[in-house]
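Undergrad: One rule links them: number in the working numbering = place in the sequence shown (from 1) + 1. Glycine included, C-beta positions come from ideal geometry on N, C-alpha and C. Here the structure is a predicted model, which is why all the values come from computation and not from measurement.
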Amino acid sequence: MSTTTTGLRRAADVAKGDQLPPLTLKVTRRDLIRYSGISSDCNFIHYSDKRAKEAGLPGVIAHGLLTMGMVARIVTDWVGDPAAVIDYQARFGRPVVVPDDEAGTTIDVTAKVGLVNDDGTARVDVYAKCEGQLIFGRCYAIVRLA
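The following block contains the structure:
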């Protein structure tokens with residue numbers, strides 16, 4: 002990784018099409034319980050299979066913002082500083098179902114540089130899959146490069 006003394010990735014070393022190192026994330030029911038407490042989002046769909054199914058879901062699902070935040074790590078790790086992310090957007094497409102076991106579920110994340118701008122910023126396109134299915138319709142981050 003080519004970075005400056007501030008830890009930021011250098012713009013001169015970034016090109017459209019560059020692939021970021023892939024990331025595999027694990028999500029368990031314990032993660033959902035902890036996030037529910039922190040976020041005050043204690044909706045039954047995040048911890049009760051019965052209530053999630055009554056709501057028309059296949060089972061307990063991860064919080065969308067928890068998923069979005071975890072997936073962002075592929076960008077923050079690559080750019081070198083979380084503060085370098087100046088915009089991050091995702092369109093939720095598919096819920097992340099989390100089984101009631103120790104293994105939980107995994108999210109496989111890949112990303113590539115979609116655009117490098119003359120102003121020292123770049124757009125990173127992010128793709129997150131759970132059980133082989135994309136969970137976001139579109140997901141990208143705009144990052145400030147050194």
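When the distance is taken between beta carbons, is ILE108 closer than 8 Å to THR122?
TA: The answer is no: Cβ separation not under 8 Å.
Undergrad: Note down, in chain order, each residue of its chain lying with its Cβ closer than 6 Å to the Cβ of SER49, except the 5 sequence neighbours on either side.
TA: Excluding positions up to five away in sequence, the list is empty.
Undergrad: In whole angstroms, give me the CA-to-CA distance for ARG145 and ILE75.
TA: The straight-line gap from Cα to Cα measures roughly 15 Å.
Undergrad: Is it right to say PRO22 is buried, meaning 16 or more other beta carbons lie within 10 angstroms of its own, or is it exposed?
TA: Exposed.
Undergrad: Taking three-plus beta-carbon pairs below 8 Å as touching, is the region 52-60 in contact with the region 75-94?
TA: No, the region 52-60 is not in contact with the region 75-94.
Undergrad: Starting from GLY38, trace the beta strand (DSSP E) both ways and give me its first and last residue.
TA: Not the beta strand (DSSP E): GLY38 falls in the alpha helix (DSSP H), residues 30-40.
Undergrad: Once you ignore the five residues that flank MET2 on each side, which residues in its own chain have a CB closer than 6 Å to its CB?
TA: Summary for MET2: the model assigns pLDDT 49, below 50, so the residue's position carries little reliability, and this model does not support an answer.
Undergrad: Specify the secondary structure class of ALA12 as computed by DSSP and reduced to three states.
TA: Of the three classes helix, strand and coil, the one that applies to ALA12 here is helix, per DSSP.
Undergrad: Is the Cβ-Cβ distance between LYS17 and GLY115 less than 8 Å?
TA: Against a cut-off of 8 Å, the Cβ pair of GLY115 and LYS17 comes out as a contact.
Undergrad: Return the CA-CA distance between HIS64 and TYR141, expressed in angstroms with no decimal places.
TA: When rounded, the distance between both Cα atoms is 19 Å.
Undergrad: In terms of alpha-carbon separation, which member of CYS131, TYR128, LYS113, GLU132 lies closest to VAL15?
TA: Checked all of CYS131, TYR128, LYS113, GLU132; the closest Cα to VAL15 is LYS113.
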